[in-house]
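Engineer: A single structure is presented below for examination.
As structure tokens, this is what we get:
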């Protein structure tokens, strides 16, 4: 009795699965080898960058422990005591009542060519590419969040843009994100929305920043009492502070890896600077905190702070996401954002 032949489709399926499995195993082995070389190879700089970059990422923060002991990781990640920063001096910012029109460049050489009050500029550094959005009228900037949904659900940046009828925006502060699986509903710090503080019990985060009634950005806010005294209308915590009163923060205690980044800042004429850096891409590994600070200073920032980064780093403009995000399983919901309203909209 002869053996019954298998169906051609089953043979094809079996061969395909074998090829796929072999490819996956080869890829895993290659990645393991690359990470081993980074951690155990001859370059201390490569080892430091790998440890710092992965530790800033909720989903893959465990990777250094595959190759290094806790003591070795702690020695690399150890930071000196933080340097105390000055409080924001609001007199360094004078909000201009009108921006240059008719295609004329502003004092920093940037031109609002289409007259919508927004200027999108491509930026790049040694290890990254990204985008800077210049919002000429700071009164158009609000925090996009839905306080009644805290601890219930998060929203994608596109959903927050639609909810508030905004024309542009970036992600905001951090949120509880165990193993990179958080659903964006739980802010890590207190949040100020339309002048009202929420979740005060969560504390101020590493650095709390926000806009006051005069649309001036304050960084390095340390207490709920300061929030009230400064008249903060929209604010959240994350950090670190990048620029304060026109000077770069001291980064001796703020070493960082290369990752996708988001930051917000303000020029002396009141224009708001929204920065998003792409990362974990073949053409853009990401940026450090120092890279962000340098970019903010280049665009004239008087004050600036880092916001949540990684797979949350997104910018919306022109009806779609502008940057290539670093997510794997889809666009992540977030609890807070900074949005730009259309011109002339009453807040």
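Numbering (our numbering), first residue to last: 155 to 501.
Here a beta-carbon is modelled for each residue, glycine too, at the ideal position from N, C-alpha and C.
Remember, predicted model here, so these are calculated numbers, not experimental data.
1. When you compare each of 315, 281, 450 to residue 413 by their alpha carbons, which one comes out closest?
2. Are the beta-carbon atoms of residue 345 and residue 458 separated by less than 9 Å?
3. Looking at the unbroken alpha helix (DSSP H) that takes in residue 378, where does it start and where does it end?
4. Could you please give the first and the last residue of the uninterrupted alpha helix (DSSP H) stretch that includes residue 445?
5. With distances taken Cα to Cα, identify the nearest neighbour of residue 243 among 435, 422, 178.
6. Around the C-beta of residue 155, are 16 or more other C-beta atoms found within 10 angstroms, so that it is buried, or is it exposed?
7. What does the alpha-carbon distance come out to for the pair residue 109 and residue 430?
8. Whose C-alpha, out of 392, 378, 249, is nearest the C-alpha of residue 386?
9. Touch check for the segment 298-318 and the segment 437-456: three-plus C-beta pairs under 8 Å?
10. May I ask you to list the residues that DSSP assigns as paired with residue 426?
11. So what's residue 371 in DSSP terms, helix, strand or just coil?
12. Leaving out five residues on either side along the sequence, give the residues of the same chain with a beta carbon under 8 Å from the beta carbon of residue 418.
13. Decide if residue 477 is buried, meaning its Cβ has at least 16 other Cβ atoms within 10 Å, or exposed.
14. So, are the CB atoms of residue 327 and residue 248 less than 9 Å apart?
15. State the start and end residues of the unbroken alpha helix (DSSP H) segment that holds residue 241.
16. Compare the beta carbon distance of residue 449 and residue 277 with 9 Å and say whether it is the shorter of the two.
17. If we call anything under 9 Å between Cβ atoms a contact, is residue 342 one with residue 361?
18. In chain order, what are the residue ranges of uninterrupted alpha helix (DSSP H) at least 4 long that sit wholly in the segment 298-378?
19. Between residue 432 and residue 368, what straight-line distance do the alpha-carbon atoms span, to the nearest angstrom?
20. Are residue 415 and residue 366 closer than 9 Å when you measure CB to CB?
21. What is the DSSP secondary structure of residue 218, counted as helix, strand or coil?
22. Helix, strand or coil, according to DSSP, for residue 259 in the structure here?
23. Using DSSP with H/G/I as helix, E/B as strand and the rest coil, what is residue 458?
24. Figure out for me which residue from 250, 468, 270 has the closest Cα to the Cα of residue 261.
25. Between which residues of its own chain and residue 337 is the CB-CB distance below 8 Å, once the five residues before and five after are set aside?
26. Thinking just about the alpha-carbon of each residue, which of 332, 301, 252, 375 is nearest to the one in residue 350?
27. Along the beta strand (DSSP E) that carries residue 277, what are the first and last residues, could you check?
28. Run through DSSP, which three-state label would residue 166 get?
29. Can you tell me which residues form a DSSP beta bridge with residue 411?
30. Could you tell me if residue 172 is buried or exposed, where buried requires 16 or more neighbouring beta carbons within 10 angstroms of its beta carbon?
Structural biologist: Judging by the given coordinates:
1. Numbered from 1 along the chain shown, position 259 holds the residue referred to as residue 413. If we check each option's Cα against that of residue 413, 281 comes out closest.
2. As a first step, residue 345 is located in the chain shown; it is residue number 191 there, counting from the start. As a first step, residue 458 is located in the chain shown; it is residue number 304 there, counting from the start. Going by C-beta atoms, residue 345 is not nearer than 9 Å to residue 458.
3. Position 224 of the chain shown, counted from the start, is the residue given in the question as residue 378. From DSSP, the alpha helix (DSSP H) with residue 378 extends over 378-384.
4. Here residue 445 is taken as the residue at index 291 of the chain shown, counted from 1. Unbroken alpha helix (DSSP H) run through residue 445: 443-452.
5. To locate residue 243, count along the chain shown from 1; it is residue 89. Of 435, 422, 178, the residue nearest in Cα terms is 422.
6. The residue labelled residue 155 in the question sits at position 1 within the chain shown. Unreliable positioning characterises residue 155 in this predicted model, as indicated by a pLDDT of 47, which lies under 50. The coordinate reading is nonetheless provided below. When all chains shown are included, residue 155 counts as exposed.
7. Missing from the structure shown is residue 109; the chain here goes from 155 to 501 and no further.
8. For this step, residue 386 is matched to residue 232 along the chain shown. If we check each option's Cα against that of residue 386, 378 comes out closest.
9. no
10. Against the chain shown, residue 426 aligns to sequence position 272. Bridge partners of residue 426: 289, 420.
11. Taking the first residue of the chain shown as position 1, residue 371 is located at position 217. Residue state, collapsed to three classes: strand.
12. Position 264 of the chain shown holds residue 418. Excluding sequence neighbours, residue 418 sits near 324, 363, 371, 426, 427, 428, 429, 458, 459, 461, 492.
13. Walking along the chain shown from the start, residue 477 turns up at place 323. Burial is judged here by how many other beta carbons sit within 10 angstroms of a residue's own beta carbon; residue 477 has at least 16 and is buried.
14. Within the chain shown, residue 327 is the residue found at index 173, counting from 1. Within the chain shown, residue 248 is the residue found at index 94, counting from 1. In this structure, residue 248 does not lie closer than 9 Å to residue 327 by Cβ.
15. Here residue 241 corresponds to residue number 87 of the chain shown, with the count starting at 1. Counting along the chain, residue 241 falls outside any alpha helix (DSSP H), and DSSP gives it neither H nor E.
16. The residue labelled residue 449 in the question sits at position 295 within the chain shown. The residue labelled residue 277 in the question sits at position 123 within the chain shown. Result yes, Cβ atoms of residue 449 and residue 277 sit closer than 9 Å.
17. As a working mapping, residue 342 is identified with position 188 in the chain shown. As a working mapping, residue 361 is identified with position 207 in the chain shown. Not in contact: residue 342 and residue 361 (Cβ atoms no closer than 9 Å).
18. 311-318
19. Indexing the chain shown from 1 puts residue 432 at position 278. Indexing the chain shown from 1 puts residue 368 at position 214. The straight-line gap from Cα to Cα measures roughly 32 Å.
20. Working through the chain shown from its first residue, we reach residue 415 at position 261. Working through the chain shown from its first residue, we reach residue 366 at position 212. Cβ distance not < 9 Å, so residue 415 and residue 366 don't count as in contact.
21. Your numbering for residue 218 matches position 64 in the chain shown. Reduced to three states, the DSSP call for residue 218 is helix.
22. If you number the chain shown from 1, residue 259 lands on position 105. If DSSP states are grouped into helix, strand and coil, residue 259 belongs with the strands.
23. Walking along the chain shown from the start, residue 458 turns up at place 304. In the structure shown, residue 458 sits in a strand (DSSP, three-state: E or B).
24. Here residue 261 corresponds to residue number 107 of the chain shown, with the count starting at 1. Checking every option, the nearest Cα to that of residue 261 belongs to 250.
25. Your numbering for residue 337 matches position 183 in the chain shown. If we look at residue 337 and ignore the five residues flanking it on each side, its Cβ neighbours are 307, 308, 487.
26. Locating residue 350 in the chain shown gives position 196, where the first residue counts as 1. It is 301.
27. Residue 277 sits at position 123 when you count from the first residue of the chain shown. First-last of the beta strand (DSSP E) with residue 277: 272-278.
28. Along the chain shown, one-based indexing puts residue 166 at 12. Correct three-state label for residue 166: helix.
29. To locate residue 411, count along the chain shown from 1; it is residue 257. Answer is none; residue 411 lacks a bridge partner.
30. Within the chain shown, the letter at position 18 stands for residue 172. Exposed, by the Cβ-count rule.
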